[in-house]
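Participant:
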Amino acid sequence: MAAAIRQGGSDADPGLYGPRSVTWQMHGDPVMWIAGVRALYLQALHPLAVRGVTQNSDFRKDAWGRLLRTARFVATITYGTTEAAERAGAKVRGIHRRLSLTDPVTGVRHGVDEPELLLWVHCAEIDSYLHVMRRSGYPLTDAQADAYVAENVVSARLVGLDPADVPADTAALAAYFARVRPQLANTPEAREVDAFLRRPPVHALLVPAREAIWGRFAALAYGSLPPYAHELYGRPAPPPAVVTRRLRAMGRALRCIPPTARWQLPPKHIMRAVERLGPGSRPSPYKLRRNAAILDSGDATGARPHAAGLHGGGGS
């Protein structure tokens, strides 16, 4: 898989994905932050997965650090060298091997690195990234959405999953969510995550900013969840058309921030990748639109911007 994805146009190491991959273009978009919050909401509905978090860390005190570490891992495996990505994966696997959780219902202990739990976390992330990005107006054809899911079998391998067990297109991702959905529940731990994401603790001086900025991000992330997730959490969401309109407006606003300004924020993975591979490696949705136009000759393939979301965990 890695060899098939490496398509960098430079002699320098393009990493596990490469500048021609869908993942390379998509992960450079600022709407990924909203998608990441949606993934947390979705992941928390799996009783064992959320207990793995709450029983092994005080996420209430270090939630921001946890979120940033996840973002750093995604950026490293996307834009870093092959060595950096493999090293990051080995570190995550090592941490997971040392952790376990106890099911309070059965009393059975489980390893955090059990394939069932790793697969849920992976699929919730990939579905959330894909669903929110497309719904916010990011240009992806159905073929490119399938390519994105296939490319990220690599990230599943890095955290310890057998690639053969990981969904490799949107249809397989949809089938996975249909299979797992009966296991999901609104546990006390899920309610804790919900409460935290709605109003994370901040310094008193930052409360107005939390309400004005974070509140909008969290509301959009929650609103973009599938209806069954809203039912489980017991909180309503705006009509799907309203959520889509707000996501598109937020996407337009965030994309007005010059990429070079966004990419200057630490840890600057994209800037380092562009320095390593040359200016032609800059992530851009234009490259996906151009490739779609060349491959599809302007036909209707790219005219279904929400199809992937309707397949899997994110269908509205």
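Under full-length UniProt numbering, the first residue of the sequence shown is numbered 1, with each subsequent residue one higher.
All C-beta atoms in this analysis are idealised placements derived from N, C-alpha and C, irrespective of residue type, glycine included.
Looking at C-alpha atoms only, which residue of Leu68, Ala261, Tyr222 is the closest neighbour of Thr244?
Facilitator: Measuring from the Cα of Thr244, the nearest candidate turns out to be Tyr222.
Participant: Count the other CB atoms within 10 Å of the CB of Asp127; is the residue buried (16 or more) or exposed (fewer)?
Facilitator: With 16 or more other Cβ atoms within 10 Å, it is buried.
Participant: Within this structure, are the beta carbons of Asp113 and Gly65 separated by less than 8 Å?
Facilitator: The answer is no: Cβ separation not under 8 Å.
Participant: I need the DSSP call for Gly215, collapsed to helix, strand or coil.
Facilitator: Gly215: helix per DSSP, three-state reduction.
Participant: With a 10 Å radius around its C-beta and 16 neighbouring C-beta atoms as the bar for buried, classify Asp142 as buried or exposed.
Facilitator: Buried, because 16 or more other Cβ atoms sit within 10 Å of the Cβ of Asp142.
Participant: Determine whether the beta carbon atoms of Leu45 and Leu184 lie at a separation below 8 Å.
Facilitator: Contact: yes.
Participant: Classify Gln264: buried if its beta carbon has 16 or more other beta carbons within 10 angstroms, exposed otherwise.
Facilitator: When all chains shown are included, Gln264 counts as exposed.
Participant: Going by DSSP in three states, Thr102 sits in which element: helix, strand or coil?
Facilitator: Of the three classes helix, strand and coil, the one that applies to Thr102 here is strand, per DSSP.
Participant: According to DSSP, is Leu310 helix, strand or coil?
Facilitator: For Leu310, the pLDDT reaches just 37, beneath the cut-off of 50, and the residue's location in the model is therefore unreliable, leaving the point undetermined.
Participant: Which residues mark the beginning and the end of the alpha helix (DSSP H) in which Arg246 is found?
Facilitator: Its alpha helix (DSSP H) spans residues 240–255.
Participant: Check each candidate in Leu205, Val53, Trp214, Leu42 and name the one with the smallest Cα separation from Tyr129.
Facilitator: Ranking the options by Cα distance to Tyr129, first place goes to Leu42.
Participant: Which residues does DSSP list as the beta-bridge partners of His110?
Facilitator: Beta-bridge pairing links His110 to Leu101.
Participant: Between His96 and Asp103, what straight-line distance do the alpha-carbon atoms span, to the nearest angstrom?
Facilitator: Roughly 17 Å between the two C-alpha positions.
Participant: Please report the residue range of the alpha helix (DSSP H) in which Leu119 lies.
Facilitator: 115–135 is the extent of the alpha helix (DSSP H) around Leu119.
Participant: Let me confirm a value: Ala253 is counted as buried when at least 16 other C-beta atoms fall within 10 Å, else exposed. Which label applies?
Facilitator: Answer is exposed; the Cβ neighbour count stays below 16.
Participant: Given that a residue counts as buried once 16 or more other Cβ atoms are within 10 Å of its Cβ, and exposed if not, what is Glu211?
Facilitator: Classification for Glu211: exposed.
Participant: Leaving out five residues before and five after Ala49 in sequence, what residues of the same chain have Cβ atoms less than 7 Å from its Cβ?
Facilitator: For Ala49, where only same-chain residues beyond five positions count, the Cβ hits under 7 Å are Gln43, Leu117, Trp120, Val121.
Participant: Please give the ranges of any alpha helix (DSSP H) in the stretch 33–78, keeping only runs that are unbroken, at least 4 residues long and fully inside the region.
Facilitator: List check, alpha helix (DSSP H) in window: 47–54.
Participant: Output yes or no for whether 8 Å exceeds the beta carbon distance between Asp194 and Tyr233.
Facilitator: Yes, the Cβ-Cβ distance between Asp194 and Tyr233 is below 8 Å.
Participant: Please state whether DSSP places Gly94 in a helix, a strand or coil.
Facilitator: It is helical.
Participant: Between which two residues does the alpha helix (DSSP H) harbouring His185 extend?
Facilitator: Rather than His, the amino acid found at residue 185 in this sequence is Ala. No alpha helix (DSSP H) holds Ala185; DSSP gives it neither H nor E.
Participant: For Glu151, which residues of its own chain have a beta-carbon under 7 Å away from its beta-carbon, when the five flanking residues on both sides are left out?
Facilitator: Ile5, Tyr17, Ser21, Val22, Thr23.
Participant: Closest to Arg72 by C-alpha separation, out of Ile270, Val242, Ser281, would be which residue?
Facilitator: Comparing Cα-Cα distances from Arg72 to each of Ile270, Val242, Ser281, the minimum goes to Ile270.
Participant: Tell me whether the beta-carbon of Thr70 lies closer than 8 Å to the beta-carbon of Gly15.
Facilitator: In this structure, Gly15 does not lie closer than 8 Å to Thr70 by Cβ.
Participant: State the Cα-Cα distance for the pair Asp11 and Leu173, rounded to the nearest angstrom.
Facilitator: If you take the alpha carbons of Asp11 and Leu173, they lie about 34 Å apart.
Participant: Kindly list the residues whose CB is nearer than 7 Å to the CB of Gly111, restricted to its own chain and excluding five residues on each side of it in sequence; keep chain order.
Facilitator: The answer, listed in chain order, is Ser100.
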